[in-house]
Each structure stands twice: as structure tokens, then as C-alpha cells.
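When we follow full-length UniProt numbering, the leftmost residue of the sequence shown carries the number 1, and every step to the right adds one.
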Amino acid sequence: MICNFKIIFLLHIYWCLNFKLCDSACARAEYETNEECCPMCAPGNRVYRDCTEYTSTTCVPCMDATFLDAPNGLRECFSCSQCDPGLGLRIKTACTRTSDTVCEPLEGHFCTSENRGSCIHAKTHAKCSPGQYIKQRGTAYKDTVCDKCAEGSYSNGTLKNCQQHTECEDLGQIELNPGTLKSDSVCGNKTPPGLIAGITILIVLILALVTVVLIYLIRKDKLQLPFQCPAWIIPIRPEQETEPVVSIIHFYDE
1 MICNFKIIFL
11 LHIYWCLNFK
21 LCDSACARAE
31 YETNEECCPM
41 CAPGNRVYRD
51 CTEYTSTTCV
61 PCMDATFLDA
71 PNGLRECFSC
81 SQCDPGLGLR
91 IKTACTRTSD
101 TVCEPLEGHF
111 CTSENRGSCI
121 HAKTHAKCSP
131 GQYIKQRGTA
141 YKDTVCDKCA
151 EGSYSNGTLK
161 NCQQHTECED
171 LGQIELNPGT
181 LKSDSVCGNK
191 TPPGLIAGIT
201 ILIVLILALV
211 TVVLIYLIRK
221 DKLQLPFQCP
231 AWIIPIRPEQ
241 ETEPVVSIIH
251 FYDE
């Protein structure tokens with residue numbers, strides 16, 4: 001029985017040595033290559049040459065517009081992210097050799113998708129319509145919230161609170177146009193009753209004067225028509241046509 005256990009133990013050791021599954025993992029600050037554990041490069045650096053039995057890993061800094069933000073055994077650095085204005089983004093923190101670009105929404109936008117603390121897509125804040133007020137202003141991560149004005153108040157869509165309609169009577173005026181949800185009341189000055197009466201009388205007098213003048217002119221034209229009209233307008237009757245006059249001179253002998 002003991003012999004069997006020894007055989008099993010030896011087979012297990014042989015299997016571990018051949019497949020390196022027993023205690024073959026590299027340390028946290030190492031990476032495995034060519035069955036060797038090599039020291040990782042520091043953040044901001046990449047592997048230029050792997051380690052050997054006699055030399056350590058050779059590292060070089062990342063080039064411009066590339067980065068590595070953690071210890072690594074990589075041959076290439078990552079490209080820095082771009083903050084595309086077409087997606088409603090701008091740069092919040094510029095890219096370095098040890099960190100990627102951090103993007104944020106443009107003014108008037110809010111983030112709709114995020115990755116590792118950086119916004120990757122944003123939308124424009126909603127605009128409230130006339131008749132609505134801004135219940136909650138939009139932020140970098142929340143859209144604008146709008147709500148409808150109550151009766152007796154109004155907003156053009158840009159107000160944080162609806163305004164009450166103006167009471168024209170309180171101003172000593174009359175209401176020309178009632179207020180709506182979109183606009184305020186339109187007030188105007190009251191017209192004195194005496195002024196209205198005076199204007200009415202003046203209009204009546206002007207109309208009467210114009211009527212008298214027209215009647216006078218019409219009558220005057222009728223009386224003067226035969227004398228003022230040209231001769232060709234007045235027809236001449238045939239019997240009134242003048243015969244040519246022939247003068248006959250008689251001579252008498254004395």
C-alpha cells in the first residue's frame with residue numbers, strides 16, 4: 001500500500017516538472033516570456049528587449065500620443081483617446097505617458113456613455129418650449145428637466161420659474177390682450193370718456209362740412225354748365241344753322 005502511494009507521489013512530481021503547473025506562475029511584478037519570468041516595465045514604458053538568464057528586461061518610454069498606465073510586459077503602448085467635438089466632447093485632462101486622455105461633455109451637453117471615468121459620448125441638453133419652465137438645469141451628466149406652467153403664469157422656455165401674468169387693473173390700465181402660457185398680459189392706458197366724446201363730435205362735424213361742400217360744388221357745376229362747356233359739346237339744331245348772307249347793292253339812277 002505504501003509503495004503505491006510512493007508511485008503516485010513520484011508521478012505527480014514528474015507531471016508538475018514537465019508541465020510547470022506547480023509553482024510556475026510569475027510574481028505580480030513579472031511577466032512570462034519564453035518560459036521565463038521577466039520584470040515588468042514601469043507605467044509609461046514598454047518592453048524593448050525581454051530579460052535573459054543574465055540580463056533584466058530592457059524598457060523604453062512611450063512615444064508622444066501613447067501611454068501605458070500600469071506595470072506591463074507589452075511591446076507597444078496604447079494610443080491616446082481622442083475627444084471628438086462631433087460627439088459632444090472636449091478634453092478634460094490631456095494624455096500623458098502614464099494616463100489616457102480624460103474627456104468631458106461640451107458646454108450645454110451631458111454625458112450618455114462613460115468608460116473608466118472618461119465620457120465617450122454626449123448629447124445636447126433639451127430646450128424647454130414656450131409655456132414650460134426649467135424645473136432642473138442640465139449638468140454634465142444629467143439632461144434638462146422641463147415642466148408646464150400653471151394657469152395664470154407664463155414662460156418663454158428660458159425661465160427657471162414661471163412668471164405671474166401682469167394685473168393691468170393694479171397698474172391703473174386696461175387689458176388689451178389676455179396673458180397665455182407663453183406670454184404676459186398686454187396692458188394699455190384707459191381713454192377718458194370726454195376725449196372719446198370730443199373725437200366723436202369732431203368726426204361728425206368734419207363729415208357734415210364735407211357733405212355741405214360737395215352739395216355746393218354739385219349745384220354750382222349744374223348752373224354754369226351751358227356757359228362753361230365748349231361749343232362742340234352743345235349740339236346745334238339744323239334750323240339754327242346760319243345761311244350765308246349775300247349783300248345785294250342796288251344802284252338807283254337819279
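Idealized CB from N, CA, C, for every residue including glycine.
Here the structure is a predicted model, which means the values were calculated and not measured.
Rounded separation between residue i and residue j - CA only
i	j	result
G188	E175	6 Å
Q163	Q136	17 Å
T66	C80	5 Å
L217	V204	20 Å
E104	N177	47 Å
A208	E167	42 Å
S56	L89	42 Å
G108	R116	22 Å
L87	L106	9 Å
K92	T158	28 Å
D170	V102	56 Å
C38	A94	31 Å
S129	S118	31 Å
Q82	S185	51 Å
T200	R219	29 Å
P85	D100	18 Å
C26	T33	10 Å
residue 269	T96	This structure gives no information on residue 269, because the portion of the chain shown stretches from 1 to 254.
K123	R49	45 Å
D221	I215	10 Å
A197	I206	14 Å
L202	C146	55 Å
residue 278	G172	No answer is possible for residue 278: it lies beyond the span of the chain, which begins at 1 and ends at 254.
For residue i, three-class secondary structure by DSSP
i	result
G44	coil
C168	helix
Y31	strand
P85	helix
R90	strand
G198	helix
T211	helix
L74	coil
L176	strand
C3	Note that C3 has pLDDT 40, beneath the 50 cutoff, so the model's placement of it is unreliable and the number below is only indicative. Note: C3 maps to helix in three-state DSSP.
Chain-order list of residues whose beta-carbon lies under 8 Å from that of residue i (same chain, five-residue window excluded)
i	result
K142	F110 and Q136
K160	Y133, I134 and R137
V212	none
M63	C77
K127	T144 and G157
Own chain, CB closer than 7 Å to residue i, minus 5 neighbours either side, in chain order
i	result
G138	F110, H125 and T144
L74	R46, V47 and L68
P43	L68, D69, A70, P71 and T98
residue 257	The displayed coordinates of the chain run from 1 to 254. Any statement about residue 257 would go beyond what the structure contains.
G152	Q164 and H165
Presumed contact (8 Å Cβ cut-off) between residue i and residue j, rounded CB distance
i	j	result
A29	P71	6 Å
P51	E36	Here residue 51 turns out to be Cys, not Pro, going by the sequence shown. About 7 Å; that satisfies the 8 Å criterion.
Y31	M40	5 Å
Contacting residues, own chain, Cβ-Cβ under 6 Å from residue i (five flanking each side not counted)
i	result
S113	I120 and H121
residue 263	Residue 263 lies beyond the residue range present for the chain, which begins at 1 and ends at 254; the question has no answer from this structure.
is_contact[residue i, chain B] using C-beta, thresh 7 Å
i	result
L205	The structure shown contains no chain B; it holds only a single protein chain.
As an exercise, report each continuous alpha helix (DSSP H) stretch of at least 4 residues that is fully enclosed by the segment 94-166, in chain order. Secondary structure remark: continuous alpha helix (DSSP H) runs of at least 4 residues inside the segment 94-166: none found.
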